[in-house]
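Following: one structure in structure tokens, then a few remarks.
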Amino acid sequence: MQTNLFPVLKYSGVIAAMLFMNACLPDQNDGPGSSDPDLKTSKSGAKKAATADFGKTKAGEPTEIYTLKNKNGLIAKVSTFGATLVELHIPDKDGNFVDVLNGFDDVSGYEGEDNQYFGCTTGRVCNRIAKGKFTLDGKEYTLATNNDPNHLHGGGDKALSKQVWKAVPVVGQAAVAFTLTSPDGEEGYPGNLSMKVIYTLTDDNELRIDYNATTDKATPVNLTNHAYFNLGGAGSGNVLNHELTLNADNYTPTDETLIPTGKVESVEGTPLDFRKAHAIGERIPDKDVTKTDDCKTATLGYDHNFVINGWGRSHGEDLLFAARLKDPKSGRVMEIHTDQPGIQFYSGNFLKAQKGKGDKTYPFRGAVCLETQHFPDSVNHGNFPSTILKPGETYKTTTVHKFSAE
Ligand code: BGC
Numbered sequence: 001m002q003t004n005l006f007p008v009l010k011y012s013g014v015i016a017a018m019l020f021m022n023a024c025l026p027d028q029n030d031g032p033g034s035s036d037p038d039l040k041t042s043k044s045g046a047k048k049a050a051t052a053d054f055g056k057t058k059a060g061e062p063t064e065i066y067t068l069k070n071k072n073g074l075i076a077k078v079s080t081f082g083a084t085l086v087e088l089h090i091p092d093k094d095g096n097f098v099d100v101l102n103g104f105d106d107v108s109g110y111e112g113e114d115n116q117y118f119g120c121t122t123g124r125v126c127n128r129i130a131k132g133k134f135t136l137d138g139k140e141y142t143l144a145t146n147n148d149p150n151h152l153h154g155g156g157d158k159a160l161s162k163q164v165w166k167a168v169p170v171v172g173q174a175a176v177a178f179t180l181t182s183p184d185g186e187e188g189y190p191g192n193l194s195m196k197v198i199y200t201l202t203d204d205n206e207l208r209i210d211y212n213a214t215t216d217k218a219t220p221v222n223l224t225n226h227a228y229f230n231l232g233g234a235g236s237g238n239v240l241n242h243e244l245t246l247n248a249d250n251y252t253p254t255d256e257t258l259i260p261t262g263k264v265e266s267v268e269g270t271p272l273d274f275r276k277a278h279a280i281g282e283r284i285p286d287k288d289v290t291k292t293d294d295c296k297t298a299t300l301g302y303d304h305n306f307v308i309n310g311w312g313r314s315h316g317e318d319l320l321f322a323a324r325l326k327d328p329k330s331g332r333v334m335e336i337h338t339d340q341p342g343i344q345f346y347s348g349n350f351l352k353a354q355k356g357k358g359d360k361t362y363p364f365r366g367a368v369c370l371e372t373q374h375f376p377d378s379v380n381h382g383n384f385p386s387t388i389l390k391p392g393e394t395y396k397t398t399t400v401h402k403f404s405a406e
């Protein structure tokens, strides 16, 4: 079945777009009257993100890691390198905490070959752009084809995941804001793009990620977080027993290079139907599914963009339920709500038993990514929700991960 177009545009122009975002971030002494509405701070709260050294990059730049804690003992750690989510400690049904994220002990791991975008802020445009080309306002742009023959996750050395962001702890909340301005032409993208990513750990056991961006030239923007979750504990084996629910009747089939064909098709009768919970390993496509008709993507395993039900209707109002992941053994549950139209479900098919934090090993399918985003290669598909941000508009999106145990 082919479903049709999305009438609602992703971005709305607001006056805040005129502000240069770095200039309006509060410092640690800011009071409740901060000029930035996203960063309301309070002197009353003792809460403040603690900071530590995360090592120097190969280029000699210092990096830091911030610790966020909530009243229930949950801990998230985020680094200035790639505005990356490094650790997330959550309890099981008996109250035992483990770190559920793939990652490395310091920045050298994140700069090394074993890093497959672990926990990073991914962009300027996450996922693929066909052959690294797009045309905007009559001009053709050429980007790095770092995932031959396509552009992947923002390109080369200046992809957002490989840059050192500026951090501002948000006083009074377990929250840190990261900012970065990517100059016009960086990685081939037009426009000076000023970005802000805020991580907040709430007392309701939610990890909330808010993204913000403005530009001075029209440019595609599609930001996501690339966390790899294993709710049994990162490095504790594969995730084939994890039960997944996706609020998606449809997905976007691709060609053999994982570029969408432009169609939107039903999951009905395919191994992509997660409208009711299924174990990831139950029907995992383990053959070259381009040769079959049942789920048209050239990947061994899951690596598919799902269309979140209801996006066109409620866009701009509420966050929609996108996904629920449960590890039946530990009872840990993660629910994801977002305002994005799509979610990329990637079952860690390229994990290669690399070593990570504390000498843990991350095996094939040892973690799952659930990346909320606009559809891959949207810039080349007029029928997909637009990813073009224009001067005077503000890119603004939110994803919330809620944790519990049962
Ligand atoms: C993509 C995969 C890719 C992986 C890289 C995911 O977002 O969907 O195709 O291999 O990122 O880590």
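Numbered per my numbering, the sequence shown spans residues 1 to 406.
Backbone N, C-alpha and C fix where the C-beta goes; we use that ideal spot for every residue, glycine too.
Quick caveat: nothing in here was measured; it's all calculated off a predicted structure.
Contained beta strand (DSSP E) runs [length at least 3] in the region 122–184, N- to C-terminal order: 133–136, 139–142, 166–170, 175–182
Which value, in whole angstroms, describes the spacing of the CA atoms of T57 and G123? Along the sequence shown, one-based indexing puts residue 57 at 57. Along the sequence shown, one-based indexing puts residue 123 at 123. Distance between the alpha carbons of T57 and G123: 20 Å.
Specify whether the region 317–326 and the region 354–367 touch according to this definition: at least 3 beta carbon pairs, one from each stretch, less than 8 Å apart. no
Rounded to whole angstroms, what's the CA-CA distance from P253 to N127? Just pull it up for me. The sequence position of residue 253 within the sequence shown is 253, counting from 1. The sequence position of residue 127 within the sequence shown is 127, counting from 1. One C-alpha to the other measures close to 14 Å.
Could you give the uninterrupted runs of the beta strand (DSSP E) lying entirely in the region 206–293, keeping only those of 3 residues or more? 206–215, 243–246
Please classify P341 as buried or exposed, where buried requires at least 16 other C-beta atoms within 10 Å of its C-beta. Position 341 of the sequence shown, counting from 1, holds the residue named residue 341. Buried is the call here.
Taking DSSP as the reference, what is the three-state secondary structure of D359? For this step, residue 359 is matched to residue 359 along the sequence shown. Three-state result, D359: helix.
Same chain, Cβ closer than 8 Å to G13, five either side skipped, listed in chain order: Against the sequence shown, residue 13 aligns to sequence position 13. Residue confidence is low: G13 scores 32 on pLDDT, short of 50, so the model does not pin down where it sits. Its coordinate-derived value is still stated next. Same-chain partners within the cutoff: K390, G392, E393, T394.
Below 6 Å CB to CB, which residues in the same chain sit around H242 once its five sequence neighbours on both sides are set aside? In the sequence shown, counting from the first residue as 1, residue 242 sits at position 242. If we look at H242 and ignore the five residues flanking it on each side, its Cβ neighbours are I280, L325, D327.
Report yes if the C-beta of Y302 is less than 7 Å from at least one heavy atom of ligand 1; otherwise report no. Residue numbering aside, residue 302 sits at position 302 when the sequence shown is read from its first letter. Y302: no, Cβ never under 7 Å from ligand 1.
Consider the C-beta atom of Y346 and the heavy atoms of ligand 1; say whether any pair is separated by less than 7 Å. Taking the sequence shown and counting its residues from 1, one reaches residue 346 at position 346. True, at least one ligand heavy atom lies under 7 Å from that Cβ.
Output yes or no for whether 8 Å exceeds the beta carbon distance between G191 and K217. Mapped onto the sequence shown, residue 191 falls at position 191. Mapped onto the sequence shown, residue 217 falls at position 217. Their beta carbons are under 8 Å apart, which means G191 touches K217 by this criterion.
So what does DSSP say about E371, is it helix, strand or coil? Indexing the sequence shown from 1 puts residue 371 at position 371. Note: E371 maps to strand in three-state DSSP.
Member of G312, D249, A367 whose CA lies at the smallest distance from the CA of Y302: Here residue 302 refers to the residue found at position 302 of the sequence shown. Among G312, D249, A367, the Cα nearest to that of Y302 is on A367.
Supposed contact pair S236 and N250 - C-beta distance, whole angstroms, cut 8 Å: Residue mapping note: residue 250 aligns to position 250 of the sequence shown, counting from 1. Residue mapping note: residue 236 aligns to position 236 of the sequence shown, counting from 1. Their Cβ separation, rounded to whole angstroms, is 33 Å, which puts N250 and S236 out of contact at 8 Å.
Taking DSSP's pairing of strands, which residues face A50 in a bridge? In the sequence shown, counting from the first residue as 1, residue 50 sits at position 50. Bridge partners of A50: T67.
Assuming A322 and H337 are in contact, meaning their beta carbons sit under 8 Å apart, how far apart are those beta carbons, in whole angstroms? As a working mapping, residue 322 is identified with position 322 in the sequence shown. As a working mapping, residue 337 is identified with position 337 in the sequence shown. At roughly 6 Å, the Cβ-Cβ gap stays under 8 Å, so A322 and H337 are in contact.
When DSSP labels each residue in this structure, what does V100 get in the three-state scheme? Position 100 of the sequence shown, counted from the start, is the residue given in the question as residue 100. Of the three classes helix, strand and coil, the one that applies to V100 here is coil, per DSSP.
Below 7 Å, is the gap between the Cβ of Q340 and the nearest heavy atom of ligand 1? Numbered from 1 along the sequence shown, position 340 holds the residue referred to as residue 340. Every heavy atom of ligand 1 is 7 Å or more from the Cβ of Q340, so no.
For V221 versus V307, is the C-beta distance shorter than 8 Å? Here the question's residue 221 lines up with position 221 in the sequence shown. Here the question's residue 307 lines up with position 307 in the sequence shown. No, these two residues do not count as a Cβ contact at 8 Å.
Counting pairs of beta carbons, one from the region 195–205 and one from the region 64–78, are three or more of them closer than 8 Å? yes
Taking 7 Å as the cut-off, is the C-beta of H226 nearer than that to any heavy atom in ligand 1? Taking the sequence shown and counting its residues from 1, the one referred to as residue 226 is at position 226. Indeed, a heavy atom of ligand 1 lies less than 7 Å from the Cβ.
So what does DSSP say about N305, is it helix, strand or coil? Locating residue 305 in the sequence shown gives position 305, where the first residue counts as 1. Of the three classes helix, strand and coil, the one that applies to N305 here is strand, per DSSP.
Just the Cα atoms here: how many angstroms apart are G172 and Y141? By one-based count along the sequence shown, residue 172 stands at place 172. By one-based count along the sequence shown, residue 141 stands at place 141. One C-alpha to the other measures close to 43 Å.
Tell me, which residues are paired with F403 by DSSP? Here residue 403 refers to the residue found at position 403 when the sequence shown is read from its first residue. DSSP output for F403 lists M334 as bridge partner(s).
Would you tell me roughly how many angstroms separate the C-alpha atoms of K352 and F364, rounded to the nearest one? Sequence index remark: in the sequence shown, residue 352 carries index 352 (1-based). Sequence index remark: in the sequence shown, residue 364 carries index 364 (1-based). So the two alpha carbons sit approximately 5 Å from each other.
Pull the bridge partners of P62 from the DSSP assignment, please. Indexing the sequence shown from 1 puts residue 62 at position 62. Bridge partners of P62: K56.
So, is the C-beta of G155 closer than 8 Å to a C-beta in chain D? The structure shown contains no chain D, having only a single protein chain.
Thinking just about the alpha-carbon of each residue, which of G310, M334, N238 is nearest to the one in A277? Taking the sequence shown and counting its residues from 1, the one referred to as residue 277 is at position 277. It is M334 whose Cα lies nearest to the Cα of A277.
DSSP-derived helix/strand/coil call for S347: Numbered from its first residue, the sequence shown carries residue 347 at position 347. The answer is coil: DSSP assigns S347 none of H, G, I, E or B.
Under 7 Å from any heavy atom of ligand 1, does the C-beta of F134 make it? Residue 134 sits at position 134 when you count from the first residue of the sequence shown. No, since every heavy atom of ligand 1 falls outside the 7 Å radius drawn around the Cβ of F134.
Measure the alpha-carbon distance for T399 versus T224 and round it to whole angstroms. Reading the sequence shown from its first residue, position 399 is the one you call residue 399. Reading the sequence shown from its first residue, position 224 is the one you call residue 224. The straight-line gap from Cα to Cα measures roughly 9 Å.
How far does the beta strand (DSSP E) with Y110 in it extend, from its first residue to its last? Position 110 of the sequence shown holds residue 110. First-last for Y110: 107–111, but that is the alpha helix (DSSP H), not the beta strand (DSSP E).
Can you grab the Cα-Cα spacing for the pair I388 / V379, in whole Å? Your numbering for residue 388 matches position 388 in the sequence shown. Your numbering for residue 379 matches position 379 in the sequence shown. Taking the straight line from one Cα to the other gives about 7 Å.
Compute the Euclidean distance between the alpha carbons of V93 and L231, then round it to the nearest angstrom. In the sequence shown, residue 93 corresponds to position 93, counting from 1. In the sequence shown, residue 231 corresponds to position 231, counting from 1. Correcting the residue type first, residue 93 is Lys in the shown sequence and not Val. Computed Cα separation, rounded: 12 Å.
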